[in-house]
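Asks: Anchor point for the sequence shown: position 122 equals 122 in the UniProt record's numbering, and the numbering is continuous, going up by one each time.
Here a beta-carbon is modelled for each residue, glycine too, at the ideal position from N, C-alpha and C.
The structure presented is a predicted model; accordingly, all values stated were derived computationally and were not measured.
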Amino acid sequence: MIIFIYLALTIPICYILTREIYSIYKDIILSNINTNNNYKIFVEKQDILRLAQVHLKRKKWLSCILIIEKFTNNNKRIELYNCLGFCYLSTDFYNTAEYYYDKTLKIHPLNTIALHNLMNIYKSKKINKQIKSKKILQQIKLIEEKNA
Numbered sequence: 001m002i003i004f005i006y007l008a009l010t011i012p013i014c015y016i017l018t019r020e021i022y023s024i025y026k027d028i029i030l031s032n033i034n035t036n037n038n039y040k041i042f043v044e045k046q047d048i049l050r051l052a053q054v055h056l057k058r059k060k061w062l063s064c065i066l067i068i069e070k071f072t073n074n075n076k077r078i079e080l081y082n083c084l085g086f087c088y089l090s091t092d093f094y095n096t097a098e099y100y101y102d103k104t105l106k107i108h109p110l111n112t113i114a115l116h117n118l119m120n121i122y123k124s125k126k127i128n129k130q131i132k133s134k135k136i137l138q139q140i141k142l143i144e145e146k147n148a
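(1) Excluding the 5 residues flanking residue 113 on each side, which residues of the same chain have their C-beta closer than 7 Å to its C-beta?
(2) By alpha-carbon positions, which one of 121, 79, 108 and 77 ends up nearest to residue 97?
(3) Find out if the Cβ-Cβ distance for the pair residue 86, residue 111 is shorter than 8 Å.
(4) Taking the Cβ atom as the reference point for each residue, do residue 107 and residue 84 lie within a distance shorter than 8 Å?
(5) Looking only at C-alpha atoms, which of 119, 94, 103 and 23 sits nearest to residue 77?
(6) Using DSSP with H/G/I as helix, E/B as strand and the rest coil, what is residue 93?
(7) Thinking C-alpha only, which one of 93, 64 and 138 is nearest residue 79?
(8) Near residue 60, what residues of its chain come up, given a Cβ to Cβ distance below 6 Å and the 5 sequence neighbours on each side ignored?
(9) Would DSSP call residue 59 helix, strand or coil?
(10) Less than 8 Å separating the beta-carbons of residue 138 and residue 115?
(11) Assign residue 136 to buried or exposed, taking buried as 16 or more other Cβ atoms, counted over all protein chains shown, within 10 Å of its Cβ.
(12) Straight-line CA distance for residue 57 to residue 101?
(13) Could you compute how far the alpha carbon of residue 38 sits from the alpha carbon of residue 143?
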């Protein structure tokens, strides 16, 4: 009877610990892929975005940031910049989020997703950003009128 109680208590704990250790192991492998010359892995840009979106759905913001920044050296993809901006916005790093949304808008000035998120950052800061927020709102309205 005592053995049954012992097993009933330890098996779930062992399972949870094993999952966490595996997750840590995967993160360590991912962080070492580009720095270790033994690995010759070529990752498609679309696969990076899919992997980042999985981490976004699980609300693992820092893992998403790690993946995107590790694999996107000088890649100018607006989806990746938007994704990074959203991750930093979700972790309350507003200045960094603003930086990535600005990078998105330099590549594609009519990106309404980046404009909306940038406007929300300016509204949340409330520090001399009301003018920028109003300008962005006008820009969004013009873009939406052209697309309608």
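Replies: Inspection of the coordinates gives the following:
(1) Position 113 of the sequence shown, counted from the start, is the residue given in the question as residue 113. Once the five neighbours on either side are set aside, the close Cβ partners of residue 113 are 82.
(2) Along the sequence shown, read from residue 1 onward, the residue named residue 97 stands at position 97. Of the listed residues, the one whose Cα sits closest to residue 97 is 121.
(3) Position 86 of the sequence shown, counted from the first residue, corresponds to residue 86. Position 111 of the sequence shown, counted from the first residue, corresponds to residue 111. Taking 8 Å as the Cβ cut-off, residue 86 and residue 111 do not qualify as a contacting pair.
(4) As a first step, residue 107 is located in the sequence shown; it is residue number 107 there, counting from the start. As a first step, residue 84 is located in the sequence shown; it is residue number 84 there, counting from the start. The criterion of a C-beta distance shorter than 8 Å is not satisfied by residue 107 and residue 84.
(5) Locating residue 77 in the sequence shown gives position 77, counting from the first residue. For residue 77, the closest of 119, 94, 103 and 23 by C-alpha to C-alpha distance is 103.
(6) In the sequence shown, the residue the question calls residue 93 occupies position 93. Coil.
(7) What you label residue 79 is simply residue 79 of the sequence shown in a count that begins at 1. Ranking 93, 64 and 138 by Cα distance to residue 79 puts 64 first.
(8) For the purposes of this step, residue 60 is identified with residue 60 of the sequence shown, where counting begins at 1. Taken in chain order, the list of residues that qualify is empty.
(9) Taking the sequence shown and counting its residues from 1, the one referred to as residue 59 is at position 59. Residue 59: coil per DSSP, three-state reduction.
(10) One-based indexing of the sequence shown puts residue 138 at position 138. One-based indexing of the sequence shown puts residue 115 at position 115. Cβ atoms of residue 138 and residue 115: not closer than 8 Å.
(11) Residue 136 sits at position 136 when you count from the first residue of the sequence shown. Looking at its Cβ environment, which holds 16 or more other Cβ atoms inside 10 Å, residue 136 is buried.
(12) Position 57 of the sequence shown, counted from the start, is the residue given in the question as residue 57. Position 101 of the sequence shown, counted from the start, is the residue given in the question as residue 101. Rounded to the nearest angstrom, the two C-alpha atoms are 20 Å apart.
(13) Locating residue 38 in the sequence shown gives position 38, counting from the first residue. Locating residue 143 in the sequence shown gives position 143, counting from the first residue. Confidence in residue 38 is poor, its pLDDT being 46 and thus under 50, which makes the residue's placement unreliable; the coordinate value appears in the next sentence. The straight-line gap from Cα to Cα measures roughly 48 Å.
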